[in-house]
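Protein chains in written order, with our numbering: chain X, 6 to 334; chain P, 6 to 334.
The beta carbon of each residue, even a glycine, is placed where N, CA and C say it ideally should be.
Single-structure report; data block below.
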């Protein structure tokens with residue numbers, strides 16, 4: 006049995022996860038730290054979180070056993086283009102005692118690899134934002150959306166939250182009483198539990214509550230839409246259907262008709278048994294009936310697998326994937 | 006002939022205009038100053054611009070002849086609710102030598118009154134933002150949209166600019182070469198005169214160029230859409246049609262079917278012979294075939310008329326409107 010250890014890191018906006026695995030699939034260590042996206046947090050802060058997660062994962066492990074590593078993060082291209090960012094990550098890597106090289110991949114590729122070992126396929130991610138990408142030979146190829154909340158992210162958590170507020174406002178303009186979702190959005194934004202009999206005063210209060218905060222915080226309303234849709238609330242059900250159609254539309258921009266390779270669904274809105282995941286699966290199954298629809302799983306383990314598959318002793322990457330990357334719960 | 010003078014002010018985000026008129030329609034003075042919206046500029050700055058415009062309009066006029074005044078501005082309700090804002094405007098009014106009272110009205114009411122003397126009707130304004138309002142007895146009644154760029158302003162200049170960028174980005178995602186409008190948007194945002202053969206690099210450059218500036222500056226792309234639509238560019242023509250439908254939809258939320266009272270079109274995108282004005286007129290004529298469709302005109306004169314009509318010697322406000330408010334050029 007190999008003494009070789011591989012490490013993988015999944016660096017997200019709100020948390021950083023690290024995993025150290027042996028090639029027979031033993032999970033030797035795990036680490037977790039705060040958000041480390043260098044684009045949103047700065048390279049030094051990101052590198053500090055990376056180091057904290059790495060140290061926790063490597064506790065009790067001789068670091069010279071580590072032969073390969075992969076860091077998955079959003080904006081990987083920007084990190085690699087920035088000498089300061091690359092230096093900060095190099096230093097954290099060395100401070101953790103690691104002497105092997107590491108590679109940096111986009112978080113979308115790591116999400117894809119957490120769902121399948123197939124070299125070619127599609128990944129669709131919907132969380133706060135939304136992005137779809139084609140994967141060719143385990144590299145990101147064409148990309149759709151990921152344009153950010155101002156210009157895109159159609160079908161994302163931000164989009165769901167913004168559209169829920171828009172429906173509330175247009176209903177108030179029509180002097181209609183808000184439905185259940187509208188009342189929940191109103192309570193969340195303004196604390197109001199009853200609707201003022203002056204609709205314009207309510208409109209102004211809602212607009213002011215939203216514009217007081219960073220726009221991206223509209224994504225915090227997405228769970229209200231999801232839970233209302235579970236209850237069958239009509240506006241929420243309609244928004245989920247629209248979001249699913251928008252996400253499938255993004256996939257259509259880059260995925261050929263009739264493709265039979267897998268589609269991996271990732272991000273908080275598409276992993277697990279959510280109404281949006283169900284609606285997206287139905288949209289995708291209608292357009293690509295022969296494609297396996299898979300769920301993203303453990304990103305840190307998938308990053309470790311991506312690191313391991315280039316080692317000379319790895320002859321069957323698919324079998325290694327089955328050992329290293331646990332199927333989604 | 007009356008010795009009475011009335012003054013009107015139209016306070017906008019980019020300029021403040023003042024007019025001093027006699028009741029027989031003689032234009033005694035005009036003034037212009039910088040943007041004075043208290044919401045965006047602060048009450049003190051707004052009051053300083055107001056005073057500058059007032060002084061210019063009143064040059065050579067005995068201020069004791071001024072018997073009434075109206076200030077029209079966006080966010081009038083917020084000004085009146087804020088004691089500091091009200092104090093700043095009171096002080097400017099007194100510093101200009103005026104002893105008569107003044108009233109503050111929303112810019113939408115002033116735009117309406119610049120197009121008609123009819124006490125009841127609808128005003129639709131599309132500039133950087135977009136708002137529609139019902140007018141009842143020359144007071145603003147129900148309002149639709151005006152929710153700001155993040156949540157609304159459907160069919161506005163901001164909306165046109167953002168949608169033009171969105172069309173460019175989704176086309177690049179599909180690896181399609183941009184059309185004429187897309188190339189103009191790309192050149193305006195990035196300076197690129199040729200499209201990179203790596204669409205994702207172009208996408209990133211566009212997203213970065215937009216997100217470096219305040220979002221509302223997307224409205225600066227609206228003139229490209231308007232001029233491309235004049236040339237028959239298909240994407241621009243489609244965007245203008247969508248914007249017109251969205252603006253008519255906002256009106257539909259508040260204006261009863263079959264209403265025959267006038268609709269006044271205001272704002273930079275709807276005054277004059279613009280493609281959007283033409284498309285909006287067609288939409289409105291289809292929905293309200295009996296309604297006169299009018300164009301907003303001189304806001305400062307309209308504000309002066311709103312001030313004058315409450316004077317005891319004014320017995321025929323419509324005739325006074327014909328004397329005081331010049332028809333749009």
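Meets three-Cβ-pair contact criterion under 8 Å: the region 230-237 of chain P and the region 102-122 of chain P: no
Alpha-carbon spacing of residue 6 (chain P) relative to residue 92 (chain P), whole angstroms: Confidence in residue 6 (chain P) is poor, its pLDDT being 46 and thus under 50, which makes the residue's placement unreliable; the coordinate value appears in the next sentence. C-alpha separation (whole angstroms): 35 Å.
Among X:72, X:61, X:202, X:219, the one whose alpha carbon lies nearest that of residue 311 (chain X): X:72
Alpha carbon of residue 140 (chain X) to alpha carbon of residue 125 (chain X), nearest angstrom: 5 Å
Residue 279 (chain X) to residue 231 (chain X) span [Cα, whole Å]: 7 Å
Alpha-carbon spacing of residue 191 (chain P) relative to residue 227 (chain P), whole angstroms: 13 Å
Distance cut-off 7 Å: residue 246 (chain X) Cβ against heavy atoms of the ligand HEM: Of ligands this structure carries none, so the ligand HEM is not represented either.
Nearest-angstrom Cα separation, counted from residue 243 (chain P) out to residue 144 (chain P): 35 Å
Assigned exposure category for residue 161 (chain P) - 16 Cβ within 10 Å defines buried: buried
Rounded straight-line distance, which links the Cα of residue 77 (chain P) to that of residue 148 (chain P): 17 Å
Start-to-end residues for the alpha helix (DSSP H) that takes in residue 135 (chain P): Not the alpha helix (DSSP H): residue 135 (chain P) falls in the beta strand (DSSP E), residues 135-141.
Close beta carbons around residue 322 (chain X), own chain, < 7 Å, minus the five adjacent residues each side: 122, 314
Whether residue 86 (chain P) touches residue 52 (chain P) by CB criterion (8 Å): no
Cross-chain neighbours of residue 153 (chain X) in chain P, by beta carbon under 8 Å: 212, 216
Unbroken stretches of the beta strand (DSSP E), 3 residues or longer, contained in the region 208-296 of chain P: 268-271
Proximal residues, the region 142-167 of chain P versus chain X, C-beta separation under 8 Å: 147, 148, 149, 150, 152, 153, 155, 156, 157, 167
Outcome for residue 43 (chain P) when other beta-carbon atoms lying within 10 angstroms are tallied against a minimum of 16: buried
Residue 303 (chain P), buried or exposed, once every other Cβ within 10 Å from all chains shown has been counted against 16: buried
Interface flag, residue 180 (chain P) vs chain X, CB-CB below 8 Å: yes
Endpoints, alpha helix (DSSP H) assigned at residue 96 (chain X): 88-100
Contact list for the region 315-328 of chain X against chain P, Cβ threshold 8 Å: none
Within 8 Å, strictly: CB atoms of residue 241 (chain X) and residue 133 (chain X): no
According to DSSP, residues forming a beta bridge with residue 15 (chain P): P:22, P:77
Residues from the region 253-284 of chain P in contact with chain X, defined by Cβ distance under 8 Å: 255, 258, 259
For residue 30 (chain P), the three-state DSSP class (helix, strand or coil): coil
Paired residues, beta bridge with residue 300 (chain X) - DSSP: X:270
contact_flag[the region 276-294 of chain X, the region 193-212 of chain X] where n(CB pairs < 8 Å) is 3 or more: no
Counted within 10 angstroms of its Cβ, other Cβ atoms place residue 267 (chain X) as buried (16 or more) or exposed: buried
Whole-angstrom distance between residue 101 (chain X) and residue 60 (chain X), CA atom to CA atom: 6 Å
Reduced DSSP category for residue 335 (chain X) - H, G, I as helix; E, B as strand; rest coil: Since the first residue shown for chain X is 6 and the last is 334, residue 335 (chain X) is missing from the structure and cannot be characterised.
Cα-Cα separation, residue 296 (chain X) to residue 119 (chain X): 17 Å
Of the listed residues X:184, X:187, X:221, X:177, nearest to residue 206 (chain X) (C-alpha basis): X:177
Any alpha helix (DSSP H) of 4 or more consecutive residues that is wholly inside the region 43-70 of chain P: 43-46, 48-62
Sequence-distant residues of its chain with Cβ nearer than 6 Å to residue 103 (chain P) (five each side left out): 68, 71
Straight-line gap, residue 172 (chain P) to residue 186 (chain P) (C-alpha atoms, nearest Å): 9 Å
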